[in-house]
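Enquirer: In this note's numbering, the protein residues as written are 47 to 535.
The C-beta atom is built at its ideal place from N, Cα and C for all residues, glycine as well.
Take a look at the following structure, please.
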């Protein structure tokens, strides 16, 4: 009798699981899902990007998978991504619940905030404040050039030697955004910048890595002492630094005379104290650290990818230098407006962004209501993953989709053009709010460095390995380079 009851319970449990992993009516197609595991066996835990492309060939531009018990929809190609994120922006502007990344940041900050009034207020505030503190103005260019000079000084000391540029470029990108957020830069051996940059780099790898995927798929393992715990520890340390910076600002600020984004936020708290304004000191810390991470990790990885490819393709590096020398006056520093006279340099920078595919899966979205996409029905709360790399290498959109070639951004007359499928910053209301700052940084940094130096792959290092390391952001494998002072300098 007992055996019969146990067997009956097992049968009921199996039937419930089968129903749970069944796709709703008119839901995007996808491979069959296993009970408990979902489609975990269809994906590489280390790097699922190739699996997403493989499944696209079978199921089309819009298909579905199960992450454990959770259904998710993968968007591929420019048409599907833009229909969701631009044409039906509000329907797809949510953020998913109950994922590893939500838990480590406690649902605070601007990047993972749910679509609604609080997110709108914080995004509007961040955009306005960054603009007021020089974004798009000469003052921002001066800050960037000041930080570039610190990098140039370091590179000059490495002439004739082999050096690893990773930490140097992370520090440079970090300090540029720190001047907007905190009104100061940090020496490269300062504890703050060393710890923060290290934590950012670690968490970028953990968050989209195998342990995060297992965390999302099997909630029962979340309290076990597994490697994903390191990400929680890193966030706690980073938040502690953030609170110290805010405390320093509260002691030294003059209300109404803001020096940076933190002061502006504190002014807003003073003005709106006691009402339903969605700002708070906790949100200030999380928002500033969100912007710090976004402004550090993506820019530095794009720069590192750029130098790696310019060493692998020295003829492209040389042509960039020729254009720079032709356009710029000998004594004047590069200005952002100079890009209009440098079509080839612009093409190279955009091609670096395309091939780097730095944020390959954007930040995960979710649907805010029941909606439709390309003929499929998608229920409210469905996890949405825009596969940005599928647009950046879509064969119908690019002349040379699978190779590093600046001609992808040049027309027959040699003029710079930007195809619609260029989506490294995502699209729609959730697109990266630091796009303008990133574009300015990439141009000024690369032009200034190529004007002064030539970067050479070490002869004893074999061939450059262009295979990226997967995470929330793609980054090149650590490498060394030789720095040579150009003859003209």
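1) Can you give me the start and stop residues for the alpha helix (DSSP H) that residue 311 sits inside?
2) What residue does the alpha helix (DSSP H) around residue 272 start on, and which one ends it?
3) Rank 198, 467, 311 by C-alpha distance to the C-alpha of residue 501 and give the top, closest one.
4) Measuring alpha carbon to alpha carbon, tell me which residue in 136, 119, 120 is nearest residue 414.
5) Counting C-beta neighbours from all protein chains within 10 Å, is the total for residue 532 16 or more, i.e. buried, or is it exposed?
6) Is residue 117 helix, strand or coil when you go by DSSP?
7) Please report how far the alpha carbon of residue 510 lies from the alpha carbon of residue 312, in whole angstroms.
8) What are the start and end residues of each continuous alpha helix (DSSP H) run of 4 or more residues lying completely inside the stretch 331-415, in chain order?
9) Would you check if there are 3 or more beta carbon pairs closer than 8 Å linking the stretch 268-280 to the stretch 227-239?
10) For residue 522, which three-state DSSP category applies?
11) With a threshold of 7 Å on Cβ separation, who are the neighbours of residue 232 within its own chain once the five nearest residues in sequence on each side are excluded?
12) Of the choices 521, 474, 283, 497, whose alpha-carbon is the least far from that of residue 129?
13) Please report the residue range of the beta strand (DSSP E) in which residue 422 lies.
14) Taking a contact to mean a Cβ-Cβ separation below 9 Å, would you say residue 333 touches residue 219 in this structure?
15) Can you list, in chain order, the residues of its chain with a C-beta nearer than 8 Å to that of residue 253? Leave out the 5 residues immediately preceding and following it.
16) Are the C-beta atoms of residue 173 and some chain C residue less than 9 Å apart?
17) Relative to the C-alpha of residue 412, which candidate in 458, 476, 366, 380 has its C-alpha closest?
18) Given the structure, does residue 337 come close to the ligand SAM, in the sense that its CB is under 8 Å from one of the ligand's heavy atoms?
19) Does the separation of the CB atoms of residue 480 and residue 337 fall below 9 Å?
20) Enumerate in chain order the residues of its own chain whose CB-to-CB distance from residue 391 is below 6 Å, with the five nearest sequence positions on each side excluded.
21) Whose C-alpha, out of 525, 430, 489, 498, is nearest the C-alpha of residue 505?
22) At the level of alpha carbons, what is the spacing between residue 82 and residue 69?
23) Can you give the Cα-Cα distance for residue 104 and residue 515, rounded to whole angstroms?
24) How is residue 285 classed by DSSP in three states: helix, strand or coil?
25) Would you kindly check if the distance between the Cβ of residue 492 and the Cβ of residue 468 is under 9 Å?
Expert: In terms of the structure at hand:
1) 307-317
2) No alpha helix (DSSP H) contains residue 272, which DSSP labels as neither H nor E.
3) 198
4) 136
5) exposed
6) strand
7) 48 Å
8) 360-373, 389-402
9) no
10) strand
11) 221, 224, 238, 239
12) 474
13) 422-424
14) no
15) 146, 147, 150, 277, 517, 518
16) The chain labelled as chain C is not found in the depicted structure, where only one protein chain is given.
17) 476
18) No copy of the ligand SAM appears in this structure; indeed no ligand is present at all.
19) yes
20) 366, 369
21) 525
22) 15 Å
23) 26 Å
24) helix
25) no
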